[in-house]
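First to last, the protein sequences are chains A and B. With this note's numbering, letter number 62 in the first sequence gets 62, and the count goes up by one each step, no holes. With this note's numbering, letter number 286 in the second sequence gets 286, and the count goes up by one each step, no holes. For each residue, glycine too, the CB sits at the ideal point set by N, CA and C. Below is one structure; the comments refer to it alone.
Number of protein chains: 2
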Amino acid sequence: MTSQTADGGRAPSMQDVARLAGVSLGTVSHALNKPEKVSARSLQKVRAAVEQLGFVPNSAARSLAAGSSSTVGLVLTDIDNSLFVDIARGAEDQARTSGHALLLANSDVDFKRQESYLDIFDEARVAGILFTPLNASLEGVDRVRRHGRRIVLVNYAGGRQDCCAVLSDEEHGGYMAARHLIELGRRRLLFAGGPEEFHAIKERRNGALRAVMEAGNATLEIIPSRRLKSDEGRKIAAEVTDRPADRVPDGILSPSDRIAAGVIHELMARGLRVPEDVAVIGYDNNQFATEVAISMSTVAQDGHTMGAEAISLLLDEIRNPHHEHRILTLKPRLILRESTLGSGGRPLPEEDRRLTLEA
Amino acid sequence: MTSQTADGGRAPSMQDVARLAGVSLGTVSHALNKPEKVSARSLQKVRAAVEQLGFVPNSAARSLAAGSSSTVGLVLTDIDNSLFVDIARGAEDQARTSGHALLLANSDVDFKRQESYLDIFDEARVAGILFTPLNASLEGVDRVRRHGRRIVLVNYAGGRQDCCAVLSDEEHGGYMAARHLIELGRRRLLFAGGPEEFHAIKERRNGALRAVMEAGNATLEIIPSRRLKSDEGRKIAAEVTDRPADRVPDGILSPSDRIAAGVIHELMARGLRVPEDVAVIGYDNNQFATEVAISMSTVAQDGHTMGAEAISLLLDEIRNPHHEHRILTLKPRLILRESTLGSGGRPLPEEDRRLTLEA
DNA sequence: TTTGGTAATTGAAGCGCTTCATCTGGATCC
DNA sequence: GGATCCAGATGAAGCGCTTCAATTACCAAA
């Protein structure tokens with residue numbers, strides 16, 4: 001363990017190790033990368049020298065010589081949204097088991113940043129890129145692929161079929177949420193909030209619409225909002241409760257938990273009971289879904305699996321010469337809690353009653 | 001914009017650019033890095049060639065030749081905790097303005113992962129590392145510094161004076177929280193939850209203790225918990241409300257918003273009024289602090305500033321030969337909401353009444 | 001002993017860039 | 001006209017590694 005301080009100023013190189021160990025440069029490289037190709041004696045000498053010098057391989061030199069690195073880059077849209085955090089986690093875990101490190105870059109919902117991070121990973125010749133694109137042009141994808149970079153899209157693919165992607169079935173999520181409300185006997189549904197230009201939100205709305213059409217005896221009102229924050233939910237809830245009683249919705253579904261939280265709070269503040277008067281269901285199963293006044297029913301996407309599957313697709317693309325692009329669409333899960341089911345008792349955090357409705 | 005596809009298989013190199021532009025390799029390099037050293041004519045020729053070939057510099061080769069890269073690494077403890085997310089954001093913003101890219105690595109509260117990511121950044125010869133260490137050995141710091149890597153500690157420094165650090169005054173935060181409760185007239189305080197082995201939590205507890213001592217006429221009870229989740233808060237709240245009325249605390253402070261949320265919900269479920277019967281204050285100003293049943297007072301650390309300052313310190317260490325290590329300790333802010341102040345109205349999300357108490 | 005044949009090792013040729021000493025071609029001055 | 005400069009351009013020397021063809025070492029079989 002006697003790694004020496006950097007006396008020469010310069011960090012020790014493999015050449016130094018070779019000299020100290022009394023073997024050639026190539027042997028050191030082999031000892032480090034494919035130990036089975038090297039005699040026990042050399043291996044031991046090299047290891048001792050590495051230890052003594054505190055040698056750390058220079059990954060820049062390595063990837064230059066080898067032609068590519070072994071790290072995988074993940075360009076994240078919004079590190080604040082727990083879905084992306086889960087994706088990152090899943091990707092991390094999966095990458096790790098196959099000896100790849102995962103580096104994250106957060107574009108913070110900024111197109112220019114997103115593109116610039118794609119380029120950084122591209123310039124770093126990473127083994128591959130996981131990309132959760134903004135709802136905008138996918139030109140960056142083409143750009144880096146032209147340079148031979150492998151890339152897997154996560155959570156949004158803009159309809160592309162020419163690369164691997166892991167998506168969540170947003171339409172189905174919206175459908176499940178609406179059908180759940182309808183099965184509870186609700187008939188005047190409201191789809192509350194969300195900028196319609198987002199693909200995911202449009203899909204969720206379409207799914208809800210499908211459930212309503214299918215039921216025949218229910219209606220769906222749609223009130224969009226500019227953002228996804230909780231005060232938008234409050235505003236919408238305030239608006240609809242000002243109406244004559246027979247025009248107040250009895251079931252509200254929202255494309256984000258945040259908006260749903262605002263809706264719930266405002267409804268309660270105005271003396272309406274949730275779920276008795278109005279049932280509310282959110283989307284995303286964010287952390288705070290169980291920390292609101294009334295624990296919230298919601299639609300959960302399994303970010304962890306999305307991330308893990310994305311890495312698997314990427315690794316196949318890297319290693320398998322006969323790789324064919326695939327698009328994985330995961331079904332979201334319905335998570336039922338107090339805001340639709342009601343409950344005399346209090347919500348059980350952590351392990352709720354979790355019902356999974358499959359289509 | 002006619003970047004060609006990778007026909008040769010190989011990505012175009014600077015050599016290719018030089019050939020196409022009809023200039024030498026060195027000129028291309030200059031044109032790219034210090035355009036002012038190159039004639040307008042060459043510059044234009046090079047740029048045209050770059051465009052035509054779709055040339056992307058190889059950052060591995062660049063950092064190998066230059067001896068170091070320009071990206072900065074941030075090793076994060078827990079991407080789930082919004083404090084770290086804010087730190088990442090602040091660091092990102094600050095790094096960006098000085099032309100450095102920031103790559104994140106999430107150790108997920110795992111010591112081995114943390115060390116391995118330190119090594120990855122070390123091997124990548126990054127310009128510097130921002131490090132939010134676990135509450136464990138800081139040996140990784142010494143390891144990478146021996147290799148000449150610059151590193152700035154964020155949020156925890158284990159008492160080290162020999163490198164730059166940006167900390168939050170946890171003791172003062174605890175003090176402010178407790179003093180606030182005391183100023184509200186509360187006398188039987190409870191410090192609810194938190195594993196005592198965490199430095200930050202011990203400090204917060206110490207601060208609370210100091211405020212109580214200072215007041216003279218108040219008491220502080222301490223009930224630790226193994227984790228920081230909300231059900232621990234519920235458990236503790238349940239426990240203390242079972243007591244005879246004169247032994248029920250009238251002010252509860254918790255070292256995490258999550259626990260505080262559990263406390264609030266359980267108190268309300270048991271018919272106690274917050275804050276009339278028991279005032280509750282959390283710590284961290286997590287996103288959901290305004291999404292709970294009653295918006296929560298809390299102590300906020302300015303993660304964004306921490307991240308930004310950390311980058312500034314790092315850049316000074318990199319660029320300034322006369323750099324001296326500094327330890328910045330930022331004061332947290334008291335954010336007062338319904339759970340201590342009460343309010344007839346409903347909480348105003350986003351922009352609350354924010355009172356800042358300075359020491 | 002000779003002859004293969006395999007296992008281990010070696011050394012050199014790059015990977016694509018930065019940088020530095022060197023060289024070139026004008027413009028400027030006496 | 002010749003000496004002096006200087007902005008620009010050049011080409012080669014590396015940065016620290018991987019890899020591969022070539023070499024040596026060693027052991028078993030003939």
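| Asked | Found |
| --- | --- |
| Complete alpha helix (DSSP H) runs within the segment 297–353 of chain A (minimum length 4 residues, chain order) | 303–319 and 338–341 |
| In DSSP terms, what Phe55 (chain A) is bridged to | Beta-bridge pairing links Phe55 (chain A) to no other residue. |
| Top-ranked residue by Cα proximity to Leu334 (chain A), from A:Ser297, A:Leu341 and A:Ala308 | A:Ser297 |
| Helix, strand or coil at Ser24 (chain A) [DSSP, three-state] | coil |
| Arg368 (chain B) (DSSP reduced to helix, strand or coil) | No information on residue 368 (chain B) is available, as it lies outside the stretch 1 to 359 that chain B covers here. |
| Residues that Gly271 (chain B) bridges to, as DSSP identifies them | Paired residue(s): none; Gly271 (chain B) is not in a bridge. |
| For Ser13 (chain B) and His147 (chain A), the rounded distance between their alpha carbons | 11 Å |
| Rounded straight-line distance, which links the Cα of Ala95 (chain B) to that of Gly373 (chain A) | In the structure as shown, chain A begins at 1 and stops at 359. Residue 373 (chain A) is therefore absent and cannot be evaluated. |
| Chain B contact for Pro195 (chain A) (CB, 7 Å cutoff) | no |
| Short CB-CB distance (under 7 Å) between His147 (chain B) and chain A | yes |
| Which of helix, strand or coil DSSP assigns to Arg369 (chain B) | Given a span of 1 to 359 for chain B in the structure shown, any question on residue 369 (chain B) remains unanswerable. |
| Glu170 (chain B) beta carbon less than 7 Å from that of Ala200 (chain B) | yes |
| Residue from A:Val154, A:Gly158, A:His172 and A:Met176 with nearest C-alpha to Val166 (chain A) | A:Val154 |
| Own chain residues within Cβ distance below 6 Å of Val46 (chain A), not counting five before or after | Ala21, Val28 and Ala31 |
| Per-residue contacts from Asp122 (chain B) into chain A (C-beta, under 7 Å) | Val56 |
| Outcome for Gly216 (chain B) when other beta-carbon atoms lying within 10 angstroms are tallied against a minimum of 16 | exposed |
| Unbroken stretches of the alpha helix (DSSP H), 4 residues or longer, contained in the segment 221–296 of chain A | 230–241 and 257–269 |
| contact_flag[the segment 267–280 of chain B, the segment 104–122 of chain B] where n(CB pairs < 8 Å) is 3 or more | no |
| Within 7 Å, strictly: CB atoms of Ile294 (chain B) and Ser339 (chain B) | yes |
| Below-7 Å beta-carbon distance, Ala361 (chain A) vs any chain B residue | It is not possible to answer for residue 361 (chain A), since the shown part of chain A is limited to 1 through 359. |
| Alpha-carbon spacing of Arg89 (chain B) relative to Glu115 (chain A), whole angstroms | 17 Å |
| Where Val109 (chain B) sits in the DSSP three-state scheme | coil |
| Run of the beta strand (DSSP E) containing Ile129 (chain A), from where it starts to where it stops | Gly128 to Phe131 |
| Nearest-angstrom Cβ-Cβ length linking Glu60 (chain A) and Ala60 (chain B), presumed shorter than 8 Å | A small correction: the amino acid at residue 60 (chain A) is Ala; Glu does not occupy that position in the sequence shown. That pair is a contact at about 5 Å. |
| Within 7 Å, strictly: CB atoms of Leu25 (chain A) and Leu104 (chain B) | no |
| For Arg62 (chain B), the nearest candidate out of B:Asn285, B:Asn33, B:Arg19 and B:Val274 (CA to CA) | B:Asn33 |
| Those residues which DSSP pairs with Ser168 (chain B) across a bridge | B:Leu330 |
| For Gly233 (chain A), the nearest candidate out of A:Glu214, A:Ile79, A:His172 and A:Gly193 (CA to CA) | A:Gly193 |
| Residues of the segment 285–307 of chain A whose Cβ lies closer than 7 Å to any Cβ of chain B, in chain order | Gln287, Phe288, Glu291, Val292 and Ala293 |
| Backbone CA spacing between Ser168 (chain B) and Leu220 (chain B) [nearest angstrom] | 23 Å |
| Residue from A:Arg125, A:Ser254, A:Phe84 and A:Gly54 whose Cα sits closest to the Cα of Ser107 (chain A) | A:Phe84 |
| Euclidean distance between Cα positions of Leu190 (chain A) and Leu253 (chain A) | 6 Å |
| Cβ of Ile335 (chain A) within 7 Å of any chain B Cβ | no |
| Cutoff 7 Å; reference His265 (chain B); Cβ partners in own chain excluding five residues on either side | Arg234 and Ala293 |
| Within chain B, partners of Val85 (chain A) - CB distance below 7 Å | Ile79 and Asp80 |
| Residues of its chain near Ser42 (chain B), where Cβ-Cβ distance is below 8 Å and the 5 sequence neighbours each way are ignored | Ala21, Val23, Thr27 and Ala31 |
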